[in-house]
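J.: Protein chains in written order, with our numbering: chain D, 4 to 114; chain X, 850 to 963.
The beta-carbon is built from N, C-alpha and C at its ideal position, and this holds for glycine as well.
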Amino acid sequence: QKEVEQDPGPLSVPEGAIVSLNCTYSNSAFQYFMWYRQYSRKGPELLMYTYSSGNKEDGRFTAQVDKSSKYISLFIRDSQPSDSATYLCAMTQYNNNDMRFGAGTRLTVKP
Amino acid sequence: DAGVTQSPTHLIKTRGQQVTLRCSPKSGHDTVSWYQQALGQGPQFIFQYYEEEERQRGNFPDRFSGHQFPNYSSELNVNALLLGDSALYLCASSSPSDRGYEQYFGPGTRLTVT
Numbered sequence: 004q005k006e007v008e009q010d011p012g013p014l015s016v017p018e019g020a021i022v023s024l025n026c027t028y029s030n031s032a033f034q035y036f037m038w039y040r041q042y043s044r045k046g047p048e049l050l051m052y053t054y055s056s057g058n059k060e061d062g063r064f065t066a067q068v069d070k071s072s073k074y075i076s077l078f079i080r081d082s083q084p085s086d087s088a089t090y091l092c093a094m095t096q097y098n099n100n101d102m103r104f105g106a107g108t109r110l111t112v113k114p
Numbered sequence: 850d851a852g853v854t855q856s857p858t859h860l861i862k863t864r865g866q867q868v869t870l871r872c873s874p875k876s877g878h879d880t881v882s883w884y885q886q887a888l889g890q891g892p893q894f895i896f897q898y899y900e901e902e903e904r905q906r907g908n909f910p911d912r913f914s915g916h917q918f919p920n921y922s923s924e925l926n927v928n929a930l931l932l933g934d935s936a937l938y939l940c941a942s943s944s945p946s947d948r949g950y951e952q953y954f955g956p957g958t959r960l961t962v963t
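(1) Quick check: is the beta carbon of X:Tyr-938 nearer than 8 Å to any beta carbon in chain D?
(2) Which whole-angstrom value is the C-beta distance of D:Leu-110 and D:Ser-85, which I expect to be below 8 Å?
(3) Measuring CB to CB, does X:Val-962 end up less than 8 Å from X:Gln-867?
(4) Taking three-plus beta-carbon pairs below 8 Å as touching, is the stretch 872-883 of chain X in contact with the stretch 913-928 of chain X?
(5) Any C-beta of chain D sitting closer than 8 Å to the C-beta of X:Gln-867?
(6) Look at the alpha carbon of X:Asp-911 and the alpha carbon of D:Thr-108, and state the distance between them as a whole number of angstroms.
(7) Please report how far the alpha carbon of X:Phe-913 lies from the alpha carbon of D:Glu-18, in whole angstroms.
(8) Quick check on DSSP: helix, strand or coil for D:Asp-69?
(9) Should D:Leu-14 and D:Leu-77 be called a contact, given that it needs their Cβ atoms to be closer than 8 Å?
(10) State the Cα-Cα distance for the pair X:Ala-851 and X:Lys-875, rounded to the nearest angstrom.
(11) Taking only runs of the beta strand (DSSP E) that begin and end inside the stretch 852-890 of chain X, which ones reach a length of at least 3 residues, in chain order?
(12) Span of the beta strand (DSSP E) holding X:Ala-941?
(13) Rounded to the nearest angstrom, what separates D:Pro-11 and X:Ile-895 at their Cα positions?
(14) Mind the definition here: the stretch 95-108 of chain D touches the stretch 27-45 of chain D only if three or more C-beta pairs lie below 8 Å; say whether that holds.
(15) Are there three or more Cβ pairs, one per stretch, closer than 8 Å when the stretch 58-70 of chain D is compared with the stretch 900-907 of chain X?
(16) Mind pulling the chain D residues with CB within less than 8 Å of X:Pro-857?
(17) State the DSSP-derived secondary structure class of D:Asp-101, mapped to helix, strand or coil.
(18) According to DSSP, what are the bridge partners of X:Gly-915?
(19) Quick check on DSSP: helix, strand or coil for D:Ser-43?
(20) So, does the CB of X:Tyr-950 fall closer than 8 Å to a CB anywhere in chain D?
(21) Looking at the C-beta of D:Pro-47, does it have a partner C-beta in chain X at a distance below 8 Å?
(22) Rounded to the nearest angstrom, what separates X:Ser-873 and D:Gln-9 at their Cα positions?
(23) How many Å lie between X:Pro-857 and D:Cys-26 at the Cα?
(24) What are the boundary residues of the beta strand (DSSP E) that X:Tyr-950 is part of?
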């Protein structure tokens, strides 16, 4: 079993839809959770950064962390074609720089 | 404000050769991490440099080594290249204020080993 599991998709939605992306993990010591967006042949771009459990909202993006279930989510409201990319979840422990990534979910938003 | 820059963009090497990749961190950042991203996979942590020293290392063999310079830029060296080293190599920088958890990535260097 991988330490971080992420459904690779692909996921295809119409423009304006609400998108839900998820990751599960096995290491209960993880405390810092990140979501990255990666366009084809580019480096990952940090979207959201959350510490411990709870919700965080930034514009059309909402990140949720449920440590009791070892489950994190990223919601994208009013999705746009420009949101088409691969979304990577990442997480790490306190005072540990070895960030663990999921394999990424490929999202396509169709006009 | 310049973000993280990496050079070269692409590189083709032969098995057994050595390669050096370069990274300049985002302005104000003093910590550099290197990652290997195989096709269809998430990035894997190679190591992190801070104050010109390797602070933490992931599960990579000694063939992978690095260096950080006084201006915070960094190099990744890979010796005795294997076909399996073909990947996108990403550099990420972070600032001391966030303990390194908010990392900003460069565009990567795509290495092909033939």
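T.: The answer reads as follows:
(1) no
(2) Wrong, their Cβ atoms sit about 11 Å apart, outside the cutoff.
(3) When the beta-carbon positions are compared, X:Val-962 and X:Gln-867 stay at least 8 Å from each other.
(4) Contact holds: three or more Cβ-Cβ distances are below 8 Å.
(5) Answer no: the Cβ-Cβ gap between X:Gln-867 and chain D never drops below 8 Å.
(6) 32 Å
(7) 44 Å
(8) strand
(9) no
(10) Computed Cα separation, rounded: 6 Å.
(11) If one requires a minimum length of 3 residues, the beta strand (DSSP E) runs lying completely within the stretch 852-890 of chain X are 854-856, 859-862, 868-873, 880-886, in chain order.
(12) 936-943
(13) 23 Å
(14) yes
(15) no
(16) Those do not exist, as X:Pro-857 stays about 14 Å from chain D at its closest Cβ, beyond 8 Å.
(17) Shown here, D:Asp-101 sits in coil according to DSSP, grouped into three states, outside any helix or strand.
(18) X:Leu-925
(19) coil
(20) Taking CB atoms only, X:Tyr-950 has a neighbour in chain D less than 8 Å away.
(21) yes
(22) One C-alpha to the other measures close to 31 Å.
(23) Distance between the alpha carbons of X:Pro-857 and D:Cys-26: 33 Å.
(24) No beta strand (DSSP E) holds X:Tyr-950; DSSP gives it neither H nor E.
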